[in-house]
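Asks:
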Amino acid sequence: MTEARRNTLFLLFAALVVLSAPDLAAANLPGEVEQGITAYQDGLYTEALRSFRSVLTDSRLEDYQDDAYFWIGKTYLAQGDYDEATRHLEYFLSSFPDSPLRPEGTVPEGSTAVSSAGL
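Residue numbering for the sequence shown is 1 to 119, as defined by this note's numbering.
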């Protein structure tokens with residue numbers, strides 16, 4: 001991945017993270033996702049990643065894979081691991097175009113975030 005593409009994806013993800021603030025009270029999320037979000041909010045990133053990854057390996061939770069990839073990327077971003085955050089963002093954006101975690105203004109192709117960043 002080129003440096004410019006990595007930077008663009010990072011900016012897209014940063015915009016996505018800022019614009020998407022899922023409301024746990026309003027969402028009907030499985031325990032694994034809620035536990036991961038709580039761990040993330042408490043700064044327990046390793047625990048958060050473990051919870052989100054468990055969603056990806058449990059076929060009963062297939063409908064929540066978009067949540068898992070989104071939060072995995074957000075967790076890596078909080079840890080400063082921009083390569084992993086970018087990798088998970090790219091997968092999230094390409095695999096879940098109808099996810100409610102994709103706010104208006106970041107699609108298509110995150111044009112708003114890119115144009116506002118001057119890219």
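Where a beta carbon is used, it is the ideal one built from N, C-alpha and C, also for glycine. Owing to the predicted nature of the structure, the values given are computational and were not obtained by experimental measurement.
Expressed to the nearest angstrom, what Euclidean distance is found between the alpha-carbon atoms of V55 and I37?
Replies: The straight-line gap from Cα to Cα measures roughly 12 Å.
Asks: Classify G31 as helix, strand or coil using the three-state DSSP reduction.
Replies: Note: G31 maps to helix in three-state DSSP.
Asks: Could you tell me how far apart the beta carbons of L61 and P30 are, in whole angstroms, since I believe they sit closer than 8 Å?
Replies: With 8 Å as the limit, L61 and P30 qualify as a contact, their Cβ atoms being about 6 Å apart.
Asks: With burial defined as no fewer than 16 other Cβ atoms inside 10 Å of the residue's Cβ, what is the status of D63: buried or exposed?
Replies: Classification for D63: exposed.
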